[in-house]
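So the protein sequences, as listed, match chains A and B.
The first sequence: position 101 = 101 (this note's numbering), numbered continuously.
The second sequence: position 196 = 196 (this note's numbering), numbered continuously.
In this text, a Cβ means the ideal position worked out from N, Cα and C, and glycines have one as well.
Shown next, in structure tokens, is the structure this report addresses.
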Amino acid sequence: MHIAEGILSLPVLASGGALAAAGMAMGLKKMNTDRVPKTGMLAAAFFVASLIHVPLGPSNVHLILNGIVGLLLGWSAFPAIFVALVLQAFFFQYGGITTLGVNTVLMALPAVVCSYAFYPLLGRSRSAAMAGAFGCGMLSVLLSGLLMAGFLIFTGEHFTEVSVLVIGAHVPVMVIEGLITMFCIGFLKKVQPSLIYK
Amino acid sequence: MRWIKISSVTAVILVFFLCGQAAGHRVNVFAWAEGGTVHVTGKLADGGTISEGSVKVYNEKDNLLIEGKTDDQGEFSFPIPEISDLKIQISAGPGHKGEWMLSKDELSDAAVRDKKAEGSSDSGGQKDEKPSGSSDSRQNNNGEETYSSRQIRQAVDEAVEKALDEALEERLDRMLEKRLAPVMRTLSEIKNPGPTASDIFGGLGYIIGLFGIAAYMYSRRS
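So this is what it looks like as structure tokens:
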């Protein structure tokens with residue numbers, strides 16, 4: 001779910017960049033020695049996840065994994081996703097250099113929001129934690145889709161039209177990401193609970 | 001919990017199988033003129049084709065000339081609408097767009113050649129007339145006998161040679177274009193290969209390195 005170069009206008013790009021910078025500052029402030037390796041690990045996972053595609057319509061959609069990144073990193077999702085996006089832009093030509101800020105906000109903001117919403121569920125019973133993880137994986141993709149539609153309004157597209165299109169295209173991804181997040185959280189809860197709890 | 005694990009693993013495996021042609025976000029557009037038509041192909045950043053992608057062709061003044069959709073192979077062809085710098089845009093869903101500029105020179109070359117090809121039958125007719133015309137002039141000037149038969153033969157030879165040269169050039173041009181079309185097509189495919197293993201591992205290496213540096217900085221600070 002990247003926005004390519006040459007679609008958004010300068011003011012939108014600039015405000016996206018400013019939002020991303022604020023998120024980055026917050027993420028780096030919350031960073032400490034213990035969290036760095038975890039952040040790197042999830043940045044790597046996010047970087048590679050984009051290569052797993054689901055063909056759909058004229059283009060196709062890929063895994064995003066921002067739900068699990070948010071759930072495990074909180075605000076540090078911003079630096080993790082930013083670094084992964086820079087490398088995706090250079091190596092895979094996904095998104096672009098000018099749209100880095102917008103794309104970071106697009107994927108990291110829902111991650112942070114969902115981590116706040118679903119993190120409390122993880123400490124409860126197993127089924128509640130599973131439901132929370134599934135919801136987090138799913139909702140973060142949904143929110144990303146809404147944000148994308150929001151950014152694309154400025155190009156003269158209709159919000160409802162684009163959001164229906166984007167979210168419709170991401171329904172399979174939402175379900176798959178929900179399952180992956182649930183599986184990962186279930187697994188980590190069992191073998192390495194310290195990775196989940198901040 | 002067991003069914004959850006099983007279902008998620010199957011889902012992931014399914015995705016790997018489904019992925020087939022991987023695709024990306026930047027749309028790579030490639031266009032070339034062949035005869036009087038312009039061929040456009042659109043590819044996603046990693047080689048995936050764009051079927052049903054909307055194609056828009058603009059001229060220098062940004063007027064929309066032609067609109068259409070790509071076929072299953074991600075290709076679209078249209079007759080040259082006018083001789084100007086054409087901007088060809090392909091978009092594949094929201095956020096996916098790419099364009100290609102086709103310069104006036106490339107177009108005019110192809111169009112002129114095509115017009116020539118159309119008129120070649122006419123010029124062939126002229127070629128036939130020429131000798132008869134010269135024979136007319138010979139008849140008119142019969143009394144004076146200014147032209148010797150050798151001179152006439154030479155003139156005819158020259159005219160025929162010139163016409164042959166032109167015809168040959170045209171035919172060669174057209175043949176070359178025909179032969180080169182697959183090369184152009186392949187070129188459009190080669191131009192932007194998808195992420196390779198070296199890209200992926202290179203990226204992962206960068207991430208490890210960057211976060212290694214970050215870990216080092218943080219550990220020094222604390």
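Three-state secondary structure assigned by DSSP to residue i
| i | result |
| --- | --- |
| residue 175(B) | helix |
| residue 85(A) | helix |
| residue 181(A) | helix |
| residue 80(A) | helix |
| residue 8(A) | coil |
| residue 34(B) | strand |
| residue 86(B) | strand |
| residue 93(B) | coil |
| residue 33(A) | coil |
| residue 79(B) | strand |
| residue 58(B) | strand |
| residue 74(A) | helix |
| residue 24(A) | helix |
| residue 102(B) | strand |
| residue 186(B) | helix |
| residue 39(A) | helix |
| residue 99(A) | coil |
| residue 122(B) | Only weak support is given to the placement of residue 122(B): the predicted model assigns it a pLDDT of 49, under 50, and the question is left unresolved by the model. |
| residue 150(B) | helix |
Selected residue, minimal CA-CA separation from residue i, among the options
| i | options | result |
| --- | --- | --- |
| residue 104(B) | 91(B), 86(B) and 90(B) | 86(B) |
| residue 199(B) | 86(A), 164(A), 153(A) and 154(A) | 86(A) |
| residue 98(B) | 61(B), 63(B), 41(B) and 71(B) | 41(B) |
| residue 176(A) | 49(A), 75(A) and 195(A) | 49(A) |
| residue 93(A) | 101(B), 89(B), 27(B) and 219(B) | 27(B) |
| residue 79(B) | 70(B), 147(B), 172(B) and 34(B) | 34(B) |
| residue 11(A) | 29(A), 96(A) and 102(A) | 102(A) |
| residue 31(B) | 152(B), 181(B), 171(B) and 159(B) | 181(B) |
| residue 131(A) | 90(A), 82(A), 181(A) and 167(A) | 181(A) |
| residue 61(A) | 141(A), 34(A) and 6(A) | 141(A) |
| residue 22(A) | 159(A), 112(A), 122(A) and 168(A) | 112(A) |
| residue 25(A) | 9(A), 105(A) and 68(A) | 105(A) |
| residue 73(B) | 220(B), 106(B), 50(B) and 187(B) | 50(B) |
| residue 101(B) | 214(B), 202(B), 62(B) and 169(B) | 62(B) |
| residue 4(A) | 96(B), 38(B) and 150(B) | 96(B) |
| residue 75(B) | 84(B), 60(B) and 44(B) | 44(B) |
| residue 167(A) | 193(A), 97(A) and 138(A) | 138(A) |
| residue 93(B) | 219(B), 53(B), 154(B) and 65(B) | 53(B) |
| residue 43(A) | 7(A), 52(A), 82(A) and 13(A) | 82(A) |
Host beta strand (DSSP E) of residue i (start-end)
| i | result |
| --- | --- |
| residue 43(B) | 37-44 |
| residue 65(B) | 64-69 |
Residue interval of the alpha helix (DSSP H) (run including residue i)
| i | result |
| --- | --- |
| residue 195(B) | Residue 195(B) -> no alpha helix (DSSP H), and no H or E assigned at all. |
| residue 92(A) | Here residue 92(A) belongs to no alpha helix (DSSP H), and DSSP marks it neither H nor E. |
| residue 194(A) | 193-196 |
Worksheet item: What residue ranges within the stretch 120-171 of chain A form continuous alpha helix (DSSP H) runs of no fewer than 4 residues, ordered along the chain?
Response: 126-152
Discussion item. Closer than 7 Å between beta carbons: that is the criterion. Which residues of the stretch 36-52 of chain A meet it against chain B?
Written reply: 36, 37, 39, 40, 43, 44, 47, 48, 51 and 52
Practice prompt. Report the residues of the stretch 144-176 of chain A with a CB closer than 8 Å to any CB of chain B, ordered along the chain.
Written response: 148, 149, 152, 157, 162, 165, 166, 169, 175 and 176
Fill in: Residues, ordered as in the chain, of the stretch 149-164 of chain B that lie near chain A by beta-carbon distance below 9 Å
none
Practice prompt. Give, in chain order, every residue of the stretch 49-60 of chain B whose Cβ lies closer than 9 Å to some Cβ of chain A.
Written response: 50, 51, 52, 53 and 54
Practice prompt. For the stretch 203-214 of chain B, enumerate the residues whose C-beta is nearer than 7 Å to any C-beta of chain A, in chain order.
Written response: 203, 204, 206, 207, 208, 210, 211 and 214
Discussion item. Can you pull out the residues from the stretch 103-119 of chain A whose beta carbon lies closer than 9 Å to at least one beta carbon of chain B?
Written reply: none
Worksheet item: Using Cβ-Cβ distances below 8 Å, what residues of the stretch 1-23 of chain A are close to chain B?
Response: 1, 2, 3, 4, 5, 6 and 7
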